Ligand code: C2O
Ligand code: CU
Ligand code: CU
């Protein structure tokens, strides 16, 4: 064994010396150099009948050409790779027929949507290969940028990487009145930042050897935007709204523009901020979303650039540029971003508010790894609690995502969170050694038997067990997990 390693190292050293190692990264093989157009996912078609909006989603496998002279097997929704953007209005009933035409079981989770627990698409709602699952609920939440992805127990990371990712936008009249850029695909565009399928990053044997010797950890993922790398977006308006989504498996991303230009953050996961916040860079951990508005002069060029840090807190040594924005000489007037975006009332926290602690360490929460049949927490319908999240690890990044709700970040290590977080969220970074306190409002509807998940959204951790389950029960019912049961997946008939 030792001998093989030495030999391999010699081989690698030769290659490094002769060719320079970075030219071996497969990321250089994928895509062109800012000539191909940025793909904008289609808006999913739907039918609206007496205020029920119905979508048909067809989960399928296919082949995708990533520009490296060979096609790769991928999964997609209504296509070979990735999925269309779902769009609903607040106040509508949504009904989604999810047909699993893959050869494997999966689930479909509506990340950020306040869906009833049995409609949530978590690990307790598997869709067997060949079956159709049709969840529906009343959409009762603010305009916001959400997303959908599989959540099969232990398989989320792999299935997300295959391409089962799409955006899910909620619209409401209050947001529409602001006249923010909102022409889909023109001045309002999804920016889904995600990992290419493993097959894309799998190079030849020599690359594998170099990686396994020189990278103690793992190779950096090949990062794509809406399925492409180094693409071009032609700007035709004075301002463009980007709906940024970190759909990567394991990367904490810092997004900025190559010329350092300022942009305005207008919303996070749960909807609009009270007022826009000007920044030159913003960080998103996996699952997080921010909407930003960027301004352009005529004949202007800039690039969206990324710095990535994996959950082991290792910065990839690349500062990647993924999308070039190039404006024409005649730009449509988009007006300016209003100085007030929403009237979020200051949160008040009664001193009697119940506090629950969640200690994250390694791949466990409160020392326990995910057990499908164990209820970890029980909360009362309509209640508000403080969830206090601590990352006990010294080096590892974690974040915390709660299904079915939005929360407010009260403080980070006792300090007020930055202004761009001053809205409702559903996912938050918990850096090593840090405590983050969240004010969580639970749904009014109880769902005894069907739990919601909370977990680290670095999906490598989630898949290894960093997840737990909570039940929402009727007010007055016992909050002791021992007094409740999980409806068994197979035995529950609806
Ligand atoms: Cu993106 Cu459990 O969720
Ligand atoms: Cu979720
Ligand atoms: Cu984690």
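Numbering (the numbering used here), first residue to last: 1008 to 1501.
Heads up, the beta-carbon is just placed ideally off N, CA and C, and yes, glycines get one too.
The structure presented is a predicted model; accordingly, all values stated were derived computationally and were not measured.
According to DSSP, residue 1271 shares a beta bridge with 1285, 1300. Ligand 2 never approaches residue 1156 closely enough for any of its heavy atoms to be under 6 Å from the residue's Cβ. Inclusion of residue 1491 and residue 1382 in the CB contact set at 7 Å is warranted, their separation being smaller than that value.
If you ignore the 5 residues before and after residue 1309, its C-beta comes within less than 7 Å of the C-beta of 1264, 1265, 1266, 1268, 1332, all in its own chain and listed in chain order. Between residue 1435 and residue 1416 a beta carbon distance of about 6 Å is seen, short of the 8 Å cut, so the two are scored as contacting. The Cβ neighbour count for residue 1318, taken over all protein chains shown within 10 Å, is at least 16; the residue is labelled buried. Shown here, residue 1469 sits in a helix according to DSSP, grouped into three states. Note that the C-beta distance between residue 1158 and residue 1171 is not below 7 Å.
Leaving aside the five residues that flank residue 1389 on each side, the residues in its chain whose CB is nearer than 6 Å to its CB run, in chain order, 1451. In this structure, the beta-carbon distance from residue 1422 to residue 1320 does not fall below 7 Å.
By alpha-carbon distance to residue 1077, the top candidate from 1166, 1360, 1373, 1208 is 1208. Taking residue 1419 as the centre and dropping the five residues before and after it, the same chain places the C-beta of 1443 closer than 6 Å to its C-beta, in chain order. Look at residue 1387 here: in three-state DSSP terms it is strand.
Taking the Cβ of residue 1461 as the reference point, every heavy atom of ligand 3 lies at 6 Å or farther away.
Taking a cut-off of 8 Å for Cβ pairs, the region 1096-1108 and the region 1056-1074 touch, as three or more such pairs fall below it. Set against 6 Å, the gap from the CB of residue 1468 to the closest heavy atom of ligand 2 is not smaller. At a threshold of 6 Å, residue 1294 counts as near ligand 1, since its beta carbon sits closer than that to one of the ligand's heavy atoms.
For residue 1152, the closest C-alpha among the options 1297, 1364, 1231 is that of 1297. With a cut-off of 6 Å, the C-beta of residue 1410 is classified as near ligand 2, since at least one heavy atom of the ligand falls inside that distance. For residue 1164, the CB contacts under 7 Å within the same chain, skipping 5 residues up- and downstream, are 1256, 1466, 1467, 1470 in chain order. Around the beta carbon of residue 1055, fewer than 16 other beta carbons sit within 10 angstroms, so the residue counts as exposed. The beta carbons of residue 1370 and residue 1472 sit closer together than 7 Å. Note that the region 1193-1203 touches the region 1246-1260; at least 3 beta-carbon pairs, one per stretch, sit closer than 8 Å.
For residue 1412 against residue 1453, the beta-carbon gap comes to about 14 Å, at or over 8 Å, which does not count as contact. In its chain, beyond the 5 residues on either side, 1261, 1326 have a beta carbon closer than 6 Å to the beta carbon of residue 1314. For residue 1118, the shortest separation between its Cβ and any heavy atom of ligand 2 lies below 6 Å. When only Cα atoms are considered, residue 1372 and residue 1487 end up about 18 Å apart. The C-alpha of residue 1084 is placed about 23 Å away from the C-alpha of residue 1276.
In the structure shown, residue 1432 adopts extended strand secondary structure according to DSSP, grouped into three states. In the displayed model, residue 1326 falls within a strand according to three-state DSSP.
Under the three-state reduction of DSSP output, residue 1258 falls in the strand class. Residue state for residue 1321 is assigned as coil, using DSSP reduced to three classes. Taking the Cβ of residue 1377 as the reference point, every heavy atom of ligand 3 lies at 6 Å or farther away. Nearest neighbour of residue 1441 by Cα position, chosen from 1368, 1385, 1145, turns out to be 1368. By the Cβ-count criterion, residue 1237 is buried, with 16 or more other Cβ atoms from all chains shown falling within 10 Å of its own Cβ. Taking residue 1307 as reference, the option from 1335, 1091, 1109, 1396 with the minimal CA-CA separation is 1335.
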